[in-house]
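Heads up: the sequence shown at position 89 corresponds to 88 in numbering that gives the first Met the number 0, and the numbers run straight through without jumps. Report on the following structure.
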Amino acid sequence: MKFNAKYFCCLIIVVALTSNAIAQTLTLAEARALTLSNNYGIQIQQLNSDIATLQNTAGYAGMLPTISATAAYNTELTNSEQQYFSGDVRSVTNAGANAFDAGVYLNWTLFDGFAMFATRDKLSELAAKGELQLKNEIEYTMYDLNAAWYQMIQLQEAADVNNKNIEVSLERYRIAKNRETLGAASHLDVLQAEVDLHTDSASLMQTNLQLKNTKAKINNIIGRDPSTEFTSTDNIVVNTGIIYSDVVTKSIENNTELQIAKKDEAIYNLQIKEFKAMLYPELNLTGGYGYLKSTSEAGFVESNLNYGPSVGLSLNIPLFNGFTTSKNIDIAQIGQQIVTTQTQQLQLDINTWIYTLYNQYTTSLALMELEQRNIEAAQQNVTIALAKFDLGNITSVELREIQQALLNAQNRLLLETLNAKLAELQLMKISGQLPVN
């Protein structure tokens with residue numbers, strides 16, 4: 000089939016217009032709101048946080064008494080024979096006996112070496128850790144969303160660059176075709192222009208494929224069907240005013256992972272207090288109200304009735320348990336040292352991440368400025384080259400090289416803009432400043 004440049008151009012335009020017509024417009028702010036409500040990872044972490052909050056009570060800490068009601072009824076048939084010193088014998092066959100026992104009883108630990116207070120504080124720390132883990136999950140999810148979102152914007156702009164490049168290739172093909180008709184050029188120039196046009200079209204298709212898959216990733220983060228079509232009019236705007244020392248300072252104060260690590264240190268410290276409490280006596284208060292009635296057809300008592308309140312204290316003093324408690328204290332202290340060391344390593348890792356990310360950020364900003372100047376010069380070169388090609392002053396190969404130089408500069412600018420934005424997002428996340436709503 001003969002190549003038709005006009006048909007080819009119209010096909011690209013129709014496909015682009017059709018895609019935009021059926022796609023809903025979505026902003027990043029709207030995507031964040033959908034993510035907060037629909038993302039499954041956030042929902043799971045929210046449920047885990049809810050569990051930790053529900054467990055943060057005085058009852059779970061053992062500070063409240065336990066009250067229970069009991070009731071029991073027993074009946075039996077017995078055969079008995081009783082012989083007295085006087086020589087009398089009493090024999091009973093199938094004698095019935097019944098007993099009913101009921102009561103309400105209380106057990107309250109009054110003192111356990113302050114373990115209940117340490118446990119209460121530990122439950123509070125666990126609840127706070129659950130909230131931090133939820134925050135951390137939201138931050139990671141929002142970073143993934145932002146990163147995919149700006150990658151989508153970059154790919155949309157790359158598709159626009161490819162479309163403009165195709166327009167240049169179509170113009171080049173038209174010129175080559177006209178020059179061939181006039182006898183000023185060979186058919187080889189036309190074929191080469193057609194090959195390059197197909198190459199540019201294939202590049203556009205690859206870009207659209209990446210764009211489609213990136214949108215599927217965004218839909219997954221949002222928590223909806225991956226085939227849901229949407230588009231965005233957002234632009235990549237890089238914050239050029241980030242200061243290294245500010246990021247370091249705020250990361251120490253606000254980094255969520257560092258805060259979680261510090262919570263783990265506090266939890267281990269409270270665990271040690273719980274174990275140390277086992278070395279102290281335990282004092283318990285017991286009380287209740289009981290009712291007991293029994294009847295018997297055999298024996299000395301025909302019926303018996305007891306009821307009334309009772310109260311008592313019990314003291315348990317630990318003397319020896321095979322050194323288990325002391326070993327548990329030693330193990331917990333080692334665990335605390337491990338967590339402390341991990342926290343120190345995490346702080347070092349954070350400082351290293353900030354240093355490397357800031358280097359990427361500043362380098363990308365410089366490259367953006369450089370590539371912008373390259374593009375301005377390359378655009379002028381393409382305009383001049385097309386005019387020269389039309390006059391036959393340069394070859395098809397020379398025009399292609401100039402055209403490719405513009406395309407490469409435009410793609411490098413888009414890539415460095417994305418790199419700068421991703422570095423900015425990571426710096427904001429590490430320092431606890433990433434927008435989550």
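Glycine included, each C-beta is placed from N, C-alpha and C at the ideal position. In this text the structure is predicted, and so the values were computed from the model without any measurement.
Using the C-alpha atoms, what's the distance from residue j back to residue i?
{"i": "residue 67", "j": "residue 104", "result": "5 Å"}
{"i": "residue 13", "j": "residue 155", "result": "Its pLDDT being 42, under 50, residue 13 is placed unreliably in this model, and the value from its coordinates should be taken loosely. Using only the alpha carbons, I get a separation of about 17 Å."}
{"i": "residue 385", "j": "residue 185", "result": "17 Å"}
{"i": "residue 31", "j": "residue 434", "result": "9 Å"}
{"i": "residue 354", "j": "residue 372", "result": "28 Å"}
{"i": "residue 370", "j": "residue 335", "result": "51 Å"}
{"i": "residue 112", "j": "residue 268", "result": "16 Å"}
{"i": "residue 198", "j": "residue 419", "result": "29 Å"}
{"i": "residue 209", "j": "residue 153", "result": "11 Å"}
{"i": "residue 18", "j": "residue 151", "result": "With a pLDDT of only 46 at residue 18, under 50, the local geometry of the prediction cannot be trusted, and no value is derived from it."}
{"i": "residue 20", "j": "residue 191", "result": "Confidence is the limiting factor: at residue 20 the pLDDT is only 45, short of 50, which leaves the residue's position unreliable, though a coordinate-based value still follows. C-alpha separation (whole angstroms): 35 Å."}
{"i": "residue 193", "j": "residue 404", "result": "19 Å"}
{"i": "residue 71", "j": "residue 315", "result": "29 Å"}
{"i": "residue 139", "j": "residue 224", "result": "21 Å"}
{"i": "residue 345", "j": "residue 245", "result": "19 Å"}
{"i": "residue 174", "j": "residue 238", "result": "43 Å"}
{"i": "residue 226", "j": "residue 141", "result": "21 Å"}
{"i": "residue 65", "j": "residue 50", "result": "22 Å"}
According to the neighbour-count rule (16 or more other Cβ atoms, all chains shown, within 10 Å of its Cβ), is residue i buried or exposed?
{"i": "residue 379", "result": "exposed"}
{"i": "residue 46", "result": "exposed"}
{"i": "residue 90", "result": "exposed"}
{"i": "residue 39", "result": "exposed"}
{"i": "residue 311", "result": "exposed"}
{"i": "residue 295", "result": "buried"}
{"i": "residue 357", "result": "buried"}
{"i": "residue 88", "result": "exposed"}
{"i": "residue 178", "result": "buried"}
{"i": "residue 256", "result": "buried"}
{"i": "residue 437", "result": "There is no way to answer for residue 437, as the model of the chain reaches only from 0 to 436."}
{"i": "residue 329", "result": "exposed"}
{"i": "residue 196", "result": "buried"}
{"i": "residue 164", "result": "buried"}
{"i": "residue 204", "result": "exposed"}
{"i": "residue 424", "result": "buried"}
{"i": "residue 188", "result": "buried"}
{"i": "residue 326", "result": "exposed"}
{"i": "residue 24", "result": "exposed"}
What are the boundary residues of the beta strand (DSSP E) that residue i is part of?
{"i": "residue 290", "result": "281 to 295"}
How is the alpha helix (DSSP H) around residue i delimited, first residue to last?
{"i": "residue 433", "result": "Note, residue 433: premise wrong, no alpha helix (DSSP H); not H, not E."}
{"i": "residue 274", "result": "255 to 276"}
{"i": "residue 199", "result": "186 to 221"}
{"i": "residue 145", "result": "114 to 181"}
{"i": "residue 395", "result": "395 to 429"}
Figure out for me which residue from the options has the closest Cα to the Cα of residue i.
{"i": "residue 360", "options": "241, 381, 217, 222", "result": "241"}
{"i": "residue 117", "options": "254, 57, 170", "result": "57"}
{"i": "residue 94", "options": "71, 130, 79", "result": "79"}
{"i": "residue 211", "options": "270, 147, 401, 237", "result": "147"}
{"i": "residue 54", "options": "318, 347, 119, 409", "result": "119"}
{"i": "residue 136", "options": "115, 48, 191, 238", "result": "48"}
{"i": "residue 218", "options": "291, 162, 144", "result": "144"}
{"i": "residue 402", "options": "283, 419, 324, 170", "result": "170"}
{"i": "residue 215", "options": "230, 204, 201", "result": "230"}
{"i": "residue 321", "options": "278, 344, 139", "result": "278"}
{"i": "residue 42", "options": "308, 134, 108", "result": "134"}
{"i": "residue 259", "options": "176, 376, 131, 400", "result": "131"}
{"i": "residue 422", "options": "264, 343, 398, 243", "result": "243"}
{"i": "residue 309", "options": "291, 324, 319, 286", "result": "286"}
{"i": "residue 347", "options": "250, 404, 228", "result": "250"}
{"i": "residue 62", "options": "24, 109, 271", "result": "109"}
{"i": "residue 363", "options": "50, 412, 338, 398", "result": "412"}
{"i": "residue 81", "options": "74, 92, 73", "result": "92"}
Indicate, with yes or no, if the ligand FMN has a heavy atom lying under 7 Å from the CB of residue i.
{"i": "residue 381", "result": "Looking at this structure, you won't find the ligand FMN or any other ligand, since it has none at all."}
Within the region 18 to 106, note down every full alpha helix (DSSP H) run reaching 4 residues or more, in order along the chain.
The qualifying runs are 27 to 37, 39 to 54.
Within the region 297 to 346, note down every full beta strand (DSSP E) run reaching 3 residues or more, in order along the chain.
Fully enclosed beta strand (DSSP E) runs of 3 or longer: 302 to 315.
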